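Numbered per the working numbering, the sequence shown spans residues 1 to 192. The beta carbon of each residue, even a glycine, is placed where N, CA and C say it ideally should be. These figures come from a predicted structure and were not determined experimentally.
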Amino acid sequence: MSATDNSHGAEPTRRDFIHILALATTAVGAAGAVVPLVQQMNPDASVLALSTKEVDLSSLEVGQAIKVMWQGKPVFIRRRTAEEIETSEDTPLSDLKDPIARNDNIAANADAEDKNRVINPQYIVVVGVCTHLGCVPLGTSPGEVRGDYGGWFCPCHGSHYDNSGRIRKGPAPQNLEVPKYVFVTDSSIRVG
Ligand code: FES
1 MSATDNSHGA EPTRRDFIHI LALATTAVGA AGAVVPLVQQ MNPDASVLAL
51 STKEVDLSSL EVGQAIKVMW QGKPVFIRRR TAEEIETSED TPLSDLKDPI
101 ARNDNIAANA DAEDKNRVIN PQYIVVVGVC THLGCVPLGT SPGEVRGDYG
151 GWFCPCHGSH YDNSGRIRKG PAPQNLEVPK YVFVTDSSIR VG
């Protein structure tokens, strides 16, 4: 071995240094690639925000209703009067066209009694899509026709829903769906 050949000696040569630098750069690059990959696997905050909808009900007066959009669908929320609650609670199951609750918060086979359609009886929350052919029923804005049962009316082919969003008359086969939701406070809910 010559005096100038120290490639196997204790001191690293220039070539060794380039190899070390290349390896270090590769390792840093690989670590950097893992971070975005992990970030991609976590649901983005904007995606989470789109999948749920928080609604402040504090300004909703008794007897009023509002429509909000959630996942591209209208959701009707009505703050029912004491009389409306009583009428819906007193309706016998035998009067209902669809005996199933259709409430995504409880068992799929629960019956359509009013108590199975609500969390707080003051508020009825339903997806505003007619179960016949998908029109958006009337009855949420002030002065709109609410049908023969004081809830919502779908003018497309004449389906009448009651104050609990249950189909009472017309071609629609099912009650309006109650979406998944929770009360975040006494006067606000999160849908989805
Ligand atoms: S779509 Fe509502 S009655 Fe036909």
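ask   = Based on Cα-Cα distance, which residue from SER51, GLU113 and LYS73 lies nearest to ILE167?
value = Indexing the sequence shown from 1 puts residue 167 at position 167. Considering only alpha carbons, the answer is GLU113.
Sub-7 Å separation of ILE124 and ARG78 beta-carbons = Along the sequence shown, read from residue 1 onward, the residue named residue 124 stands at position 124. Along the sequence shown, read from residue 1 onward, the residue named residue 78 stands at position 78. Yes, these two residues count as a Cβ contact at 7 Å.
request  = Using three-state DSSP, classify SER159 as helix, strand or coil.
outcome  = The sequence position of residue 159 within the sequence shown is 159, counting from 1. Reduced to three states, the DSSP call for SER159 is strand.
task = Work out the CA separation of PRO92 and VAL68 for me, nearest whole Å.
result = Walking along the sequence shown from the start, residue 68 turns up at place 68. Walking along the sequence shown from the start, residue 92 turns up at place 92. Our two residues, VAL68 and PRO92, have alpha carbons roughly 30 Å apart in a direct line.
request  = Could you check the C-alpha separation between LEU176 and GLU84 for me, to the nearest Å?
outcome  = To locate residue 176, count along the sequence shown from 1; it is residue 176. To locate residue 84, count along the sequence shown from 1; it is residue 84. Using only the alpha carbons, I get a separation of about 17 Å.
Host alpha helix (DSSP H) of ILE85 (start-end) = Mapped onto the sequence shown, residue 85 falls at position 85. In this chain, the alpha helix (DSSP H) harbouring ILE85 covers 82-90.
query = Excluding sequence positions up to five away, which residues of its chain have a Cβ less than 7 Å from the Cβ of TYR161?
reply = Your numbering for residue 161 matches position 161 in the sequence shown. Answer for TYR161: PRO137, GLY147, TYR149, GLY151, TRP152, ILE167, ARG168 and LEU176, listed in chain order.
task = Within its chain, find whatever has a CB closer than 8 Å to the CB of GLU61; leave out the 5 residues flanking it on each side and keep chain order.
result = Within the sequence shown, residue 61 is the residue found at index 61, counting from 1. The beta carbon of GLU61 lies closer than 8 Å to those of ARG79 in the same chain, with the five residues before and after it left out.
inquiry  = Tell me the DSSP secondary structure of ASN103 in three-state form.
reply    = In the sequence shown, counting from the first residue as 1, residue 103 sits at position 103. Strand at ASN103.
ask   = From PRO173 to SER94, what does the alpha carbon distance come to, in whole angstroms?
value = Against the sequence shown, residue 173 aligns to sequence position 173. Against the sequence shown, residue 94 aligns to sequence position 94. Straight-line Cα distance between these residues: approximately 15 Å.
query = Ends of the beta strand (DSSP E) at ILE179?
reply = Position 179 of the sequence shown, counted from the start, is the residue given in the question as residue 179. The sequence shown places Pro at residue 179, not Ile. Element bounds for PRO179: n/a, residue is neither H nor E.
inquiry  = Suppose the cutoff is 6 Å on Cβ atoms and the five residues either side in sequence are ignored; what does the same chain contact list for SER2 look like?
reply    = By one-based count along the sequence shown, residue 2 stands at place 2. Low local confidence applies: a pLDDT of 41 at SER2 is under 50, so the model's placement there is unreliable, and no value is given.
request  = Note down the Cα distance separating HIS157 from CYS130, rounded to an integer number of angstroms.
outcome  = In the sequence shown, residue 157 corresponds to position 157, counting from 1. In the sequence shown, residue 130 corresponds to position 130, counting from 1. For HIS157 and CYS130, the distance between alpha carbons rounds to 10 Å.
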